[in-house]
Structures are given as C-alpha cells and as structure tokens.
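Structure, as structure tokens:
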Amino acid sequence: MKLPTLLLSALVALAISGAVPTARAASYLVYVPEAVTVGGTSSEVYVTHRFDGRDGLTGSALVDAAMAELARVLGADLAALAIRLEGSSASISVADEARRADPLVVDRALGAAWHSLRVAGVTDVRFGDRVLDESSFTRGALEPVFPLVSALPPRKLTHGVVRLGDQLVSAAELQRRIAAADPSVRAAIADQLGTAPPDVKLALLTSLRSLDVEDRASLLLPRLADADVRVRLATLELLSGSRDAKVLKALEAVAQADADAAAKAAAARILVAAGRTEFKKYLLLEKLRGDDAQAVIAAANELIATGDPKLVPAMAGLVRHTNPAVRAVGVKALTQFKQLDAMAQVVADPSVAKDAAQPLASVLASDATGPARAAGLGWLMSQGDAGRAVGAAKAVGAERIGGVVEPLKKALARPEPEVRAEAAAAFAALRDPQGLEPLAAALRGSSDAAEQKLFTDSAIAIIAAQPLDQVIKIGESTDATIRELAVKSLAEFSKDRPNPRVISVLRGKLGDSAKPIRQAAVYALARIDDPAVVKDLVALEKDPDPVVREQVAIAVAHSKHPEADRILLGYLDDPDNRVKLQSVIGLRERKTAGALEKLKWLVEYRQPEIRLEVVRGIAALAAPGDLAFFDLWQERLYDERPEIRLIAIDAISRYPTDPRTAAALGGAVTDQDTRVKLRAIAALSALQDANAVEQVIRGLFDESAEVKLAALDGLEKLGSPKALKALQEFISNESDEAVRKRASEVIKKL
Numbered sequence: 000m001k002l003p004t005l006l007l008s009a010l011v012a013l014a015i016s017g018a019v020p021t022a023r024a025a026s027y028l029v030y031v032p033e034a035v036t037v038g039g040t041s042s043e044v045y046v047t048h049r050f051d052g053r054d055g056l057t058g059s060a061l062v063d064a065a066m067a068e069l070a071r072v073l074g075a076d077l078a079a080l081a082i083r084l085e086g087s088s089a090s091i092s093v094a095d096e097a098r099r100a101d102p103l104v105v106d107r108a109l110g111a112a113w114h115s116l117r118v119a120g121v122t123d124v125r126f127g128d129r130v131l132d133e134s135s136f137t138r139g140a141l142e143p144v145f146p147l148v149s150a151l152p153p154r155k156l157t158h159g160v161v162r163l164g165d166q167l168v169s170a171a172e173l174q175r176r177i178a179a180a181d182p183s184v185r186a187a188i189a190d191q192l193g194t195a196p197p198d199v200k201l202a203l204l205t206s207l208r209s210l211d212v213e214d215r216a217s218l219l220l221p222r223l224a225d226a227d228v229r230v231r232l233a234t235l236e237l238l239s240g241s242r243d244a245k246v247l248k249a250l251e252a253v254a255q256a257d258a259d260a261a262a263k264a265a266a267a268r269i270l271v272a273a274g275r276t277e278f279k280k281y282l283l284l285e286k287l288r289g290d291d292a293q294a295v296i297a298a299a300n301e302l303i304a305t306g307d308p309k310l311v312p313a314m315a316g317l318v319r320h321t322n323p324a325v326r327a328v329g330v331k332a333l334t335q336f337k338q339l340d341a342m343a344q345v346v347a348d349p350s351v352a353k354d355a356a357q358p359l360a361s362v363l364a365s366d367a368t369g370p371a372r373a374a375g376l377g378w379l380m381s382q383g384d385a386g387r388a389v390g391a392a393k394a395v396g397a398e399r400i401g402g403v404v405e406p407l408k409k410a411l412a413r414p415e416p417e418v419r420a421e422a423a424a425a426f427a428a429l430r431d432p433q434g435l436e437p438l439a440a441a442l443r444g445s446s447d448a449a450e451q452k453l454f455t456d457s458a459i460a461i462i463a464a465q466p467l468d469q470v471i472k473i474g475e476s477t478d479a480t481i482r483e484l485a486v487k488s489l490a491e492f493s494k495d496r497p498n499p500r501v502i503s504v505l506r507g508k509l510g511d512s513a514k515p516i517r518q519a520a521v522y523a524l525a526r527i528d529d530p531a532v533v534k535d536l537v538a539l540e541k542d543p544d545p546v547v548r549e550q551v552a553i554a555v556a557h558s559k560h561p562e563a564d565r566i567l568l569g570y571l572d573d574p575d576n577r578v579k580l581q582s583v584i585g586l587r588e589r590k591t592a593g594a595l596e597k598l599k600w601l602v603e604y605r606q607p608e609i610r611l612e613v614v615r616g617i618a619a620l621a622a623p624g625d626l627a628f629f630d631l632w633q634e635r636l637y638d639e640r641p642e643i644r645l646i647a648i649d650a651i652s653r654y655p656t657d658p659r660t661a662a663a664l665g666g667a668v669t670d671q672d673t674r675v676k677l678r679a680i681a682a683l684s685a686l687q688d689a690n691a692v693e694q695v696i697r698g699l700f701d702e703s704a705e706v707k708l709a710a711l712d713g714l715e716k717l718g719s720p721k722a723l724k725a726l727q728e729f730i731s732n733e734s735d736e737a738v739r740k741r742a743s744e745v746i747k748k749l
C-alpha cells in the first residue's frame, strides 16, 4: 500500500505541534525504510535517519556521505544500484544484473536512494529513461517539516515540507511562490519578523535582500523599534539609500532617540545621504567607538557643544572606557546635561573606575533627589575619598536620608576614623535598628576609648528610639555586645522621670552572671535621677569592679545624697584612673570647696585627661586672683596640653595688677599653638601695664598673619607710643600687603 507523502508530512507536523527541529551543524539526513503504524494500518515507509559527518558537506561530498550511510543501513540492496552524479542531477542504474527485477532493489532501495538524494540537494533523479518522483515507489515517506527561514534565499531547500504561515507546503511549492512573489510568502515573513526570536529575524532580514516582496518598507520600519540592536542595525542596512519620506521620518526618530550609538549613527548616515545635513552631528557618534582616545575625546566635546541632550546616552558609555581622559569627558557629558538617572546607573556599576564614579556620585549627592541622591551619597560613604565620605555621612544624618544602610555599614568598617565617626553619628540620627549589628562589630573592633564611646552612644540612640518592650527584648539578644548596649539604653526611658519597670529590669540585671551586663546595668542606673536608685548605687561604693565604682561616682555627682562629697573625695585616691577622673569631674560640677587642696596634689598627674580635669577643677574652685595660686598657673603655661595652657592664661589674666603677669603671659605669645598665642595676646592687650607692650610686640615676629594682625590689634588697644619704633621696623620687613596696611593704620593712631 502506498501512503501519500504530504499526508504523512502533515501527521509529522501535528505530532510535533508545529515545532521546528533544529539539526546540529554536522548532522545530515538519509531516508531508510521502516515499518510504522498509522491509523491502525501497519506499512513500511521511508523515514528520516540522522547521521554525523564533517561540517559543511555539500554537493558531491554530501551525496557520497549520504550514500555511504545508506549503504551501511541497507547493505547489498543498495550495493546493487550504481549512482552517478552530474551537477544537481543524478542517474541510477542496476549494477547487479542478477537483481534487476528484485523489488528490494528497484523499489525499496531505489526509493531510499531517491529520497536521500533529494534531501541532499539533488533536483532531478533518473532511473534509466524514467524521471523518478514520489509516485515511482510503493512506499510513502515521512518528510521533515522545516521552518520558513530555512527555505528562503540564499538557502534552497529541495526536499521536505515548509511551514508557511498556518500552511504546510512542499519545498518545490515554496520555490514557486517565491518566484511568483506570492502574498502568502510576504505575510508569513511579516508575521515572523514580529514574533520570532532575534536570530530568526536576522536570517529573515538577510533573505529579504534577494526576495521580491511588495512594500518592503512596511516590513522593515517596525523593526527599527526592535528590542535587539542587531535587528535594528540589520534593518538600517536594508534601508540604506532610501529616499522615501515615510522611511526618513522613521529614521529621524532612530537618530534622535535610539539607545545604541551605532544605530543612531547608521540612521544619521542614511539621512545625511538623503540631504538631511542637520543630522551630521550624529555621525560623530561613530567616532566614539574608535580606538584613538584623542579622536574620541574630540568627538565627544563636539557632541557636548551641540547642546543636544538626546546625544548624551551615547556618550554615557565613555565613563567605562579604559582611558582616564576619555572617562573624564564622559563624566563631563553626563554632568553638563544633568543626566541624573544615567549617573545613578554608573555609580551602581562596580566595574566603573573611581575617577569617573566619584565626581558623578558627588553631583548626585548635591543635585539629585530620592533614590538617585541616596545612590550618590551611598557611593561616597562606602568608596569615596575620606573627606567626601565624611560630608556624605553628615548629610545622611542631618537630613535622615533613607536607603543608605548598606553603604553606611561599609563606611563604619573603613580604615579612616573620621569616616567611621560620621557613619556612627548618621546611624544614630537615622534610628534604624539595622545599624545595631555593624555598630556592635565596630565597637568590638575598636581600641580607642573616644571611638568606643561614640559607637556606644550611637547604638544606644538607636535602641532607645524603639518601644520599651522591644528594647527589653533586644536586651536578651544572643549578641553579647548588642545585649549590653540594650541594657545601657534603658536609661533613656527614665530620662524625664524614673520608670519603675525600667528600674526593676535594671536592678535584676545587677545580679547577671555576665560581667558586661552587670556593668551596663550600673551604667544605666547611674543616669536615672531617683534617690532610691542612688541609694542602691551608694551601696556599691567599694565594689571590686572599677567600672562599677566609676558609675557610682557619676551617679552621686548629680545627686543630693548626703554622702556624695565624701564618696567623691575618697575616689580621688582610687587606684583606677576612670574612677579618679569621674571623681574630679564630679567635685568640680558640685563645686565642693573641700576638694581644692586635694586637687592641688594631682595637678602634675601623669594621665593627661585627668590632669586637664584637675586644672579645670582648680580654676572653678579657686578664688580669682588668689595669690597663693599664681605660681601654680604660671607653671601650667608649660604643660604639654594646649588646653591646660589656655586655662592657665585665663587664670593669670585675673591678676591684672601683679607685676609678674605681663612677663608670664609674654612667654605664651611664642607658644607653638596658635590658639594659645592669640589668647595670650588678647590677655596682654587688656592689661594696664607698660610692660605689656613689649610682650605683644613679640607677636609681630610670628610666621602667622593671623597672629601678626592680633598683635597689631593689641598694640592699637594698648595705645602706647613705645610701640612706634618696632612698628616702623616691622613695616619695612613685612611682605604681606594686608598686614602692612594694618600696621600703617596702627601707627597713625599711635
């Protein structure tokens, strides 16, 4: 029984639901007879059989490979046939006379050879004097269904079935329709150009070069908006040379708005060739892709000079160039045209070099809003120079800008202490709980006391902003540092008035087995203004833990407890510097008169911070102008800490009539610290002592213009003619015009 070939082709098409099998590059087909069952009827038909061969086989080489494979499958039946190839035609004869009438040869093997030759590209096959076709054999064939793109020029399919729209047509029928410019071919191409994958579209566009289709422009114009730039570029190539008004109008949109520089330039070339000279500027876009950095920079600057913001997207890619000068002109383009969204995309790209990302991030930080600004600030905090990172963190904290938690975390881990400090302060301002873990990690990793305090205060500010129940819950965290910080933050809930629940929780923590938690509880209790709490802490006066004693000192210093002064005076002798420091501060704040004599014994204390607080305490407690302290203050003028020297100057200035005052202050006029010099000159200028003039004159020999001007102000204030000679000599040697002018004014007044 002979089965119709096209019917079986349709069955194949249905079986594979219209899918188009894609053969591998080095796979080929032959037809072999096999038994199949269709509709309950079993018959032997020719089916495709795939075999592998060398890539790129065509013509006689492909025929030889196909016949070798067929001989391997059919053996002696095919060997009885002699096949001769002549161009695209072939002739077959029976080489084995004994099998001339054998149906296995002249029907079965011959049919396999005919189908295999056809699929190999042979157009005509003869058997003796007879031209063979499908009806020459008793067996039908299952033919492959090819996609349309596989059968269009420059390809030429000689066998099989092609899907044309919703039809299946033979390869020969398709060739006939192509030659006749049949509308069905155009319709199928139009449909696939709109829906097929990009590679298929590209193949279809290639075929359009040699196809005669009606209104080619209407097929191509929609592809100018294709999502794949390769398709757009291929379409532009096909439109090259067009003068059609509709085409040129569409090309204007491409030149002005396409996101790809190559597409813009290709459209511009066609427009310029059509006489549209205003699009010449778009041809500069091609130069942006060149290898010559100087040519790229020149082209970019010309594009910037046009003032056309539509050209900027094509220049945005320059910020990723390998040449820093090219990157700089890319930054210039984005900045000059305020392309904030494009800038945000650049700073989000980790592959962009710092010299391009940093200036763009700075523009975003100052000019953008919303997420774009957050992106700029975030980049500066995490990757910018230290100064820019500090400024960005300050802005985040001051304006409480959201969306920057992750870069803030990175800033908190940076090596620069000033960046870490501002990041911590920003976290405190944001009150975002996401800052707790990085702050806790930073606290654990820092050995600087001032930094530790900052991290602690910032974390407490965050925790204290949460509801009390949440804070108590945080106090049970598995992270020991966060747990400690949460306990400390409980003091914030009793800042205005004592909170019984908070106090109860903290008292419970006093018995915690973990030493840091007990210390945190004492820290929080010491900051609650409640007599009962202070009484609890006074009971810990002699606790062996110096951290506890330190907090006791803080607590009693701000209390009305009757034992407060006694405890603080006793702590002046404490072996721990932290306790001693808080006792000095507390005695000064309480103005405990009985502390003065003991403080005098600590004025030379080796620990600078304590020594500074001792001097502050003496200054606060001693009577101004007390002659018993003059020598003490004069000696302080030589302390290594400028803050102490400043206090000494203020104290000595309260001895205006003492003959020792001018000389003592005069030594400070040549101090190493500018603040000390200026303070000394100001104090001398207020004295009614003729010797003060000579001491102020010493300031004229300073390197700093600021100090020189201060000395001139002081001499003017003192109003003594004794300064005239020194001033005249000063003017003759001074090079700073502003200072000379001021000296002349002073001379005139004297």
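Numbering of the sequence shown is given in numbering that gives the first Met the number 0, commencing with residue 0 and proceeding in unit increments.
Quick reminder that beta carbons are idealized off the backbone N, C-alpha and C, glycines included.
message: Using DSSP's beta-bridge definition, name the partner residues of residue 169.
response: Here residue 169 refers to the residue found at position 170 when the sequence shown is read from its first residue. Residue 169 is bridged to 160.
message: Pop quiz: residue 643 and residue 635 are said to be a contact at Cβ under 8 Å. What is the actual Cβ separation, rounded to whole angstroms?
response: Locating residue 643 in the sequence shown gives position 644, where the first residue counts as 1. Locating residue 635 in the sequence shown gives position 636, where the first residue counts as 1. Indeed they touch by this definition, with Cβ atoms about 6 Å apart.
query: Which residue from 30, 327, 562 and 218 puts its Cα closest to that of residue 187?
result: Here residue 187 refers to the residue found at position 188 when the sequence shown is read from its first residue. Ranking 30, 327, 562 and 218 by Cα distance to residue 187 puts 218 first.
field: Own chain residues within Cβ distance below 8 Å of residue 21, not counting five before or after
entry: For this step, residue 21 is matched to residue 22 along the sequence shown. Residue placement at residue 21 is flagged as unreliable, the pLDDT there being 44, under the threshold of 50; a coordinate-derived value is accordingly withheld.
- prompt: Going along the chain, which residues of its own chain have a beta-carbon closer than 7 Å to the beta-carbon of residue 351, five neighbours each way excluded?
  reply: Numbered from its first residue, the sequence shown carries residue 351 at position 352. Around residue 351: 318, 319 and 345.
message: Tell me which residues share the same chain as residue 490 and place their Cβ nearer than 7 Å to its Cβ, disregarding the 5 neighbours each side in the sequence.
response: Numbered from 1 along the sequence shown, position 491 holds the residue referred to as residue 490. Excluding residues within five positions, the ones whose Cβ falls inside 7 Å are 523, 526 and 527.
Complete beta strand (DSSP E) runs within the segment 586-643 (minimum length 3 residues, chain order): none
- request: Would you kindly check if the distance between the Cβ of residue 82 and the Cβ of residue 62 is under 9 Å?
  value: Taking the sequence shown and counting its residues from 1, the one referred to as residue 62 is at position 63. Taking the sequence shown and counting its residues from 1, the one referred to as residue 82 is at position 83. For residue 62 and residue 82, yes; Cβs fall inside 9 Å.
message: Between the segment 33-42 and the segment 52-62, can you find at least three pairs of beta-carbon atoms closer than 8 Å?
response: no
- prompt: What are the start and end residues of the beta strand (DSSP E) that includes residue 32?
  reply: Position 33 of the sequence shown, counted from the start, is the residue given in the question as residue 32. Looking at the DSSP string, the run of the beta strand (DSSP E) that includes residue 32 is 26-37.
field: Candidates 621, 33, 254 and 651: closest to residue 224 by CA position
entry: As a working mapping, residue 224 is identified with position 225 in the sequence shown. That would be 254, whose Cα lies nearest to the Cα of residue 224.
- prompt: Do you know offhand how far residue 659's Cα is from residue 624's?
  reply: In the sequence shown, counting from the first residue as 1, residue 659 sits at position 660. In the sequence shown, counting from the first residue as 1, residue 624 sits at position 625. Answer to the nearest angstrom: the Cα atoms are 12 Å apart.
task: Report the three-state DSSP secondary structure of residue 737 (helix, strand or coil).
output: Numbered from its first residue, the sequence shown carries residue 737 at position 738. In the structure shown, residue 737 sits in a helix (DSSP, three-state: H, G or I).
query: residue 746 to residue 739, Cα distance in whole Å?
result: By one-based count along the sequence shown, residue 746 stands at place 747. By one-based count along the sequence shown, residue 739 stands at place 740. Distance between the alpha carbons of residue 746 and residue 739 is about 11 Å.
- request: Report the residue from 427, 87, 411 and 417 whose alpha carbon sits nearest the alpha carbon of residue 440.
  value: The residue you call residue 440 lines up with position 441 of the sequence shown. With distances taken between Cα atoms, residue 440 lies closest to 411.
query: residue 230: buried (16+ other C-beta within 10 angstroms of its C-beta) or exposed?
result: By one-based count along the sequence shown, residue 230 stands at place 231. Buried, since its Cβ has 16 or more Cβ neighbours within 10 Å.
query: Looking at the unbroken alpha helix (DSSP H) that takes in residue 537, where does it start and where does it end?
result: Indexing the sequence shown from 1 puts residue 537 at position 538. First-last of the alpha helix (DSSP H) with residue 537: 530-537.
message: Let's see if you can read the secondary structure: which residues bound the beta strand (DSSP E) around residue 148?
response: As a working mapping, residue 148 is identified with position 149 in the sequence shown. Careful: residue 148 lies outside any beta strand (DSSP E) and carries neither H nor E.
message: By DSSP's criteria, residue 750 is part of a beta bridge. Which residues make up the other side?
response: No information on residue 750 is available, as it lies outside the stretch 0 to 749 that the chain covers here.
- request: Pair every Cβ in the segment 66-82 with every Cβ in the segment 169-186, then say whether three or more of these pairs are closer than 8 Å.
  value: no
- request: Check whether the segment 683-695 touches the segment 713-726, counting contact only when three or more Cβ pairs, one atom from each stretch, lie closer than 8 Å.
  value: yes
- request: Confirm, please, whether the CB-CB distance from residue 370 to residue 390 is below 9 Å.
  value: One-based indexing of the sequence shown puts residue 390 at position 391. One-based indexing of the sequence shown puts residue 370 at position 371. No. Outside cutoff.
- prompt: Closest to residue 109 by CA distance: which of 69, 141 and 695 is it?
  reply: Working through the sequence shown from its first residue, we reach residue 109 at position 110. Comparing Cα positions, the closest option is 69.
message: Out of 743, 209 and 244, which one is the CA nearest neighbour of residue 178?
response: Locating residue 178 in the sequence shown gives position 179, where the first residue counts as 1. The residue with the shortest Cα to Cα distance from residue 178 is 209.
task: Just the C-alpha distance for residue 825 and residue 708, rounded to the nearest angstrom, thanks.
output: Residue numbering for the chain in the displayed model covers 0 to 749; residue 825 lies beyond these limits and cannot be assessed.
query: Candidates 531, 482, 495 and 529: which alpha carbon is nearest residue 508's?
result: As a working note, residue 508 is residue 509 in the sequence shown. Selected option, being the one with the closest Cα: 482.
field: First through last residue of the beta strand (DSSP E) which encompasses residue 122
entry: By 1-based counting over the sequence shown, the position of residue 122 is 123. Per DSSP, residue 122 belongs to no beta strand (DSSP E) and is neither H nor E.
- prompt: Is residue 241 helix, strand or coil when you go by DSSP?
  reply: Taking the first residue of the sequence shown as 1, we reach residue 241 at position 242. Residue 241 falls in the coil class under three-state DSSP.
message: For residue 380 and residue 324, I'd like the C-alpha separation in whole angstroms.
response: Taking the sequence shown and counting its residues from 1, the one referred to as residue 380 is at position 381. Taking the sequence shown and counting its residues from 1, the one referred to as residue 324 is at position 325. Computed Cα separation, rounded: 25 Å.
task: Determine which residues share a DSSP beta bridge with residue 46 and list them.
output: Locating residue 46 in the sequence shown gives position 47, counting from the first residue. DSSP output for residue 46 lists 31 as bridge partner(s).
task: Starting from the C-beta of residue 595, find all residues in its chain whose C-beta is less than 6 Å away, skip the five residues before and the five after it, and write them out in chain order.
output: On the sequence shown, residue 595 is found 596 positions in, with the first residue counted as 1. So the list reads 620, once near-sequence residues are dropped.
message: Does the structure place the segment 284-291 close enough to the segment 302-315 that three or more beta carbon pairs sit under 8 Å?
response: yes
- prompt: Which partner residues does residue 129 have in the DSSP bridge list?
  reply: Numbered from 1 along the sequence shown, position 130 holds the residue referred to as residue 129. DSSP output for residue 129 lists 126 as bridge partner(s).
query: Quick one: what does DSSP say residue 754 is sitting in, helix, strand or coil?
result: Summary: the structure shown does not reach residue 754, with the chain confined to residues 0 through 749, and so no result is reported for it.
- request: Have a look at the DSSP bridge pairing and note the partners of residue 40.
  value: Within the sequence shown, residue 40 is the residue found at index 41, counting from 1. Partner(s): 37.
message: Can you list, in chain order, the residues of its chain with a C-beta nearer than 7 Å to that of residue 43? Leave out the 5 residues immediately preceding and following it.
response: The residue labelled residue 43 in the question sits at position 44 within the sequence shown. So the list reads 32, 33, 34 and 138, once near-sequence residues are dropped.
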